[in-house]
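Before any comments, here is the structure.
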Amino acid sequence: MGASRGPFEPEYSELPGQIPVFPLSGALLLPGGRLPLNIFEPRYLSMVRDVMAQPHRLIGMIQSRDDSEDDKLFDVGCAGRISSYSETDDGRMLITLSGTSRFRLLDCDDGAAGYRLASVSWSEFKSDLVPCETEISREHLIDVLRNYFKLKGFTVDWDHIQNCEDERLVSTLSMICPFEVPEKQALLESVDLTSRAELLIAILEMASHSEHDDQGAKH
């Protein structure tokens, strides 16, 4: 079963045609997921201030095709609503983005405040705004995940994982696991939860095989 959408999430008709974007490779946000961010650059501090004054409070997270944010961006990103906000004594802002909907990038320009403003289309991703009812191969995912975490030496709260809803589980794992940029982008662009879960299983299996081979080569 999928996670329900919160009462503060915008309706499809309320999504704006232009949003500020935060290019950050390796940082994946998915609908229903939560992404904490530490904001310290002046242009992004300005971005957060401007976004907080908007009713939708949306920031678009999008990956660069290369490590530099000045390089070409991927075509698909995910918008997140600022759902928590705090300030630090040293001038930083700590925010959390709650994933709202994916978007397709149409155009992107530098705004007057130094951060990028993007024209976006939401039409392909209307399903992101409704609760997901798709089933996944949960037992298979958990089995693969156990092997992956064991090989990586990660400590995991398995009770929490077992109690996590399917969509929240797949989204959280896709976001926090140390995958490569192309893998994270493929997870983002998966058509639905079932496809994303199947791809996640495949990536975990490939990573486990690679890790096992690397460990074997060291002996």
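Take any residue in the sequence shown, note its place counting from 1, add 1481, and you have its number in the numbering used here.
Glycine is no exception: its CB is placed at the ideal position from the N, C-alpha and C atoms.
Is DSSP giving residue i helix, strand or coil here?
i, result
"residue 1501", "strand"
"residue 1681", "helix"
"residue 1567", "strand"
"residue 1620", "helix"
"residue 1609", "helix"
"residue 1483", "For residue 1483, the predicted structure reports a pLDDT of 49, less than 50, and the residue's modelled location is therefore unreliable. The matter cannot be settled from this model."
"residue 1614", "coil"
"residue 1553", "coil"
"residue 1630", "helix"
"residue 1537", "coil"
"residue 1675", "helix"
"residue 1526", "helix"
"residue 1686", "helix"
Going by DSSP, what residues sit across from residue i in a beta bridge?
i, result
"residue 1599", "1500 and 1589"
"residue 1584", "1558"
"residue 1515", "1579"
"residue 1574", "1520 and 1568"
"residue 1723", "The shown model of the chain, from 1482 to 1700, leaves out residue 1723, and the question about it has no answer."
Provide the residue span of the beta strand (DSSP E) that contains residue i, from first to last.
i, result
"residue 1649", "Run containing residue 1649: none in the beta strand (DSSP E); it sits in the alpha helix (DSSP H), 1647-1657."
My understanding is that residue i touches residue j, with C-beta atoms under 8 angstroms, so please give their C-beta distance in whole angstroms.
i, j, result
"residue 1601", "residue 1670", "15 angstroms between Cβ atoms; not a contact."
"residue 1538", "residue 1500", "At roughly 10 angstroms, the Cβ-Cβ gap does not stay under 8 angstroms, so residue 1538 and residue 1500 are not in contact."
"residue 1615", "residue 1674", "4 angstroms"
"residue 1677", "residue 1655", "7 angstroms"
Straight-line CA distance for residue i to residue j?
i, j, result
"residue 1713", "residue 1516", "One cannot answer for residue 1713 here, as it falls past the ends of the chain, which runs 1482 to 1700."
"residue 1575", "residue 1680", "32 angstroms"
"residue 1569", "residue 1505", "22 angstroms"
"residue 1482", "residue 1631", "Its pLDDT being 46, under 50, residue 1482 is placed unreliably in this model, and the value from its coordinates should be taken loosely. In a straight line, the C-alpha of residue 1482 is about 27 angstroms away from that of residue 1631."
"residue 1593", "residue 1542", "19 angstroms"
"residue 1534", "residue 1496", "15 angstroms"
"residue 1491", "residue 1604", "14 angstroms"
"residue 1544", "residue 1639", "30 angstroms"
"residue 1595", "residue 1659", "30 angstroms"
"residue 1573", "residue 1536", "23 angstroms"
"residue 1510", "residue 1518", "11 angstroms"
"residue 1565", "residue 1529", "12 angstroms"
"residue 1554", "residue 1644", "36 angstroms"
"residue 1567", "residue 1590", "28 angstroms"
"residue 1649", "residue 1623", "14 angstroms"
"residue 1641", "residue 1620", "15 angstroms"
"residue 1709", "residue 1618", "Any answer about residue 1709 is impossible in this case: the structure gives the chain only from 1482 up to 1700."
Can you tell me where the alpha helix (DSSP H) with residue i in it begins and where it stops?
i, result
"residue 1640", "1639-1644"
"residue 1665", "1662-1670"
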